[in-house]
Ligand code: RB5
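In my numbering, the protein residues as written are 11 to 154.
Right, here's the structure in full:
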């Protein structure tokens, strides 16, 4: 499993903590930025992470901005990307089981690092249910 990770300037510190977690678990990742800067535009990082999943270069993505909202909106405009904004483990598990979410979005100004790591752990360790009714609903998401 390879993880694409991206953040705007507000998410840099949380991104570093998540990378430490990924490295500790031996999980491969690609960091799409940004680095430590005072200002940046979250759609750039959502698009870079989303493209890597569309091209199947990465399997799942993690996106962080201040609220997680802007960066998840940006990612969800991309075909085949299902970004779930999760600030609790129940949602992180449910969105993998039911929505086969391929991107986890979080807000660095909303949750603490310890909680965020547990959410990441839950998201990465839950597989899609493969349930027929969930497959049907996910397919409907791609319809105009
Ligand atoms: C940046 O100030 C902030 O707007 C951004 O990180 C994010 O929260 C947008 O949704």
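From the three backbone atoms N, C-alpha and C, an ideal C-beta is built for every residue, glycine too.
For residue i, three-class secondary structure by DSSP
i	result
residue 17	strand
residue 103	helix
residue 152	coil
residue 113	strand
residue 121	coil
residue 33	helix
Within 9 angstroms, strictly: CB atoms of residue i and residue j
i	j	result
residue 77	residue 102	no
residue 130	residue 23	no
residue 111	residue 67	no
residue 16	residue 26	no
residue 74	residue 18	yes
residue 31	residue 127	yes
residue 137	residue 106	yes
residue 97	residue 121	yes
residue 11	residue 134	yes
According to DSSP, residues forming a beta bridge with residue i
i	result
residue 69	Residue 69 is not bridged to any residue.
residue 40	14
residue 94	114
residue 79	Residue 79 is not bridged to any residue.
residue 74	17, 116
Inter-residue Cα distance where the pair is residue i and residue j
i	j	result
residue 114	residue 82	8 angstroms
residue 70	residue 56	12 angstroms
residue 37	residue 80	26 angstroms
residue 72	residue 49	19 angstroms
residue 59	residue 28	15 angstroms
residue 150	residue 139	17 angstroms
residue 108	residue 51	30 angstroms
residue 35	residue 65	25 angstroms
residue 54	residue 119	19 angstroms
Count Cβ pairs between the stretch 138-147 and the stretch 113-130 that sit closer than 8 angstroms; are there 3 or more? no
Segment contact, 8 angstroms Cβ cut-off, at least three pairs: the stretch 30-44 with the stretch 84-98: no
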